[in-house]
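Report on one structure; see the data block that follows.
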Amino acid sequence: MESLNGIKIVSFDVDGTLIKSDFNDLIWQKEIPSLYARKREVSFEKAIKMIMEEYNRVGENNLCWYSMDFWIKHFHLDVRVDDIISKYESRIEVYPEVPFVLKKLEEKYPLIIITMMPSEFLLPKLKKIGNYFKSTFSTISDFGDLKSPQGYLKICQRLQISPVNLLHIGDQWEADYLSPKKANINAIFLDRKNEKIAKREWIIKSLDELPKIL
Ligand SMILES: [Mg+2]
Numbered sequence: 004m005e006s007l008n009g010i011k012i013v014s015f016d017v018d019g020t021l022i023k024s025d026f027n028d029l030i031w032q033k034e035i036p037s038l039y040a041r042k043r044e045v046s047f048e049k050a051i052k053m054i055m056e057e058y059n060r061v062g063e064n065n066l067c068w069y070s071m072d073f074w075i076k077h078f079h080l081d082v083r084v085d086d087i088i089s090k091y092e093s094r095i096e097v098y099p100e101v102p103f104v105l106k107k108l109e110e111k112y113p114l115i116i117i118t119m120m121p122s123e124f125l126l127p128k129l130k131k132i133g134n135y136f137k138s139t140f141s142t143i144s145d146f147g148d149l150k151s152p153q154g155y156l157k158i159c160q161r162l163q164i165s166p167v168n169l170l171h172i173g174d175q176w177e178a179d180y181l182s183p184k185k186a187n188i189n190a191i192f193l194d195r196k197n198e199k200i201a202k203r204e205w206i207i208k209s210l211d212e213l214p215k216i217l
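When we follow the numbering used here, the leftmost residue of the sequence shown carries the number 4, and every step to the right adds one.
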């Protein structure tokens with residue numbers, strides 16, 4: 004891994020990388036449908052069917068899809084984003100190896116966060132993870148962008164570094180691996196679910212492997 008020599012900043016994705024995804028699932032698949040069921044006086048089963056259809060209709064390529072506020076307004080729910088966040092905040096779970104790994108790496112590199120989720124999701128998670136990060140970026144909130152190669156390049160510009168000086172680690176093949184690679188950024192794919200062939204370069208199964216290679 005010769006190009007690791009040039010790494011100046013190490014970046015982490017959040018959901019599925021540092022934090023278990025259950026928190027987001029609770030909001031999208033439990034809280035929003037429950038509120039909708041109550042509002043429309045229909046069963047939860049009926050509500051979730053309706054909601055899922057609506058999520059799919061709007062689609063992940065539409066930036067609105069990621070916004071809690073958008074869905075609250077869309078379904079005319081009587082709730083605020085903050086209410087939902089504080090209701091489920093205690094359910095945010097950090098992967099067990101995270102504190103050790105971040106502590107170890109921050110001795111050598113400035114660490115940053117690059118997430119696709121809006122910043123309202125990020126703040127309660129950062130409280131759980133701890134204060135290891137020099138900067139945090141939400142591509143949606145900061146640039147109105149998903150994790151496109153252009154989005155990553157904008158972050159490099161903000162950080163005033165060349166793409167080859169950044170290493171990003173995350174659990175989504177397209178968004179966290181292929182996309183930064185297209186922008187000439189180094190990337191490591193975190194394959195927690197064992198989807199890719201083991202032992203390939205730039206693929207790790209757990210963050211535990213990072214202190215050994217960085
Ligand atoms: Mg992720």
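All C-beta atoms in this analysis are idealised placements derived from N, C-alpha and C, irrespective of residue type, glycine included.
Residues with C-beta closer than 7 Å to any heavy atom of ligand 1, in chain order: D16, V17, D18, G19, T20, G173, D174, Q175, D179
Limits of the unbroken beta strand (DSSP E) element including S46: Indexing the sequence shown from 1 puts residue 46 at position 43. Careful: S46 lies outside any beta strand (DSSP E) and carries neither H nor E.
Local Cβ density within 10 Å of G218, reported as buried at 16 or more and exposed below that: With the chain covering 4 to 217 only, the question about residue 218 has no answer from this structure.
Run of the beta strand (DSSP E) containing K137, from where it starts to where it stops: Residue 137 sits at position 134 when you count from the first residue of the sequence shown. It spans 136 to 141 - the beta strand (DSSP E) in which K137 sits, taken as one unbroken run.
Three or more C-beta pairs below 8 Å linking the segment 41 to 54 and the segment 134 to 141: no
Alpha-carbon spacing of G9 relative to V61, whole angstroms: Translated into positions along the sequence shown, residue 9 becomes position 6. Translated into positions along the sequence shown, residue 61 becomes position 58. Rounded to whole angstroms, G9 to V61 spans 41 Å at the Cα level.
Local Cβ density within 10 Å of N27, reported as buried at 16 or more and exposed below that: Sequence index remark: in the sequence shown, residue 27 carries index 24 (1-based). With 16 or more Cβ atoms within 10 Å of its Cβ, N27 is classed as buried.
Per-residue burial, S128 [other beta carbons within 10 Å of its own, 16 or more giving buried]: Counting from one through the sequence shown, the residue named residue 128 turns up at place 125. Checking the sequence, you will find Lys at residue 128 rather than Ser. Under this definition K128 is a buried residue.
Proximity test, K42 beta-carbon vs ligand 3 heavy atom, cut-off 7 Å: Ligand 3 is not part of this structure, which contains only ligand 1.
Between the CA atoms of I207 and F103 - distance to the nearest angstrom: For the purposes of this step, residue 103 is taken as residue 100 along the sequence shown, with counting starting at 1. For the purposes of this step, residue 207 is taken as residue 204 along the sequence shown, with counting starting at 1. Approximately 17 Å, taken between the alpha carbons.
Straight-line gap, L21 to C67 (C-alpha atoms, nearest Å): Here residue 21 is taken as the residue at index 18 of the sequence shown, counted from 1. Here residue 67 is taken as the residue at index 64 of the sequence shown, counted from 1. Approximately 24 Å between the Cα atoms of the pair.
Touching by the beta-carbon criterion (3+ pairs, under 8 Å), the segment 109 to 117 and the segment 71 to 86: no
CB contact flag (I191, W205, <8 Å): Position 188 of the sequence shown, counting from 1, holds the residue named residue 191. Position 202 of the sequence shown, counting from 1, holds the residue named residue 205. Yes, they are a contact pair.
Under 8 Å between C-beta atoms of L105 and Y135: Looking up residue 105 in the sequence shown gives position 102. Looking up residue 135 in the sequence shown gives position 132. Yes; because the gap between Cβ atoms is below 8 Å, this pair is in contact.
Contact with chain B by N65, beta-carbon distance below 8 Å: Looking for chain B here will not work: only one protein chain is present.
DSSP state of H79 mapped onto helix, strand, coil: Walking along the sequence shown from the start, residue 79 turns up at place 76. Here H79 sits in coil by DSSP.
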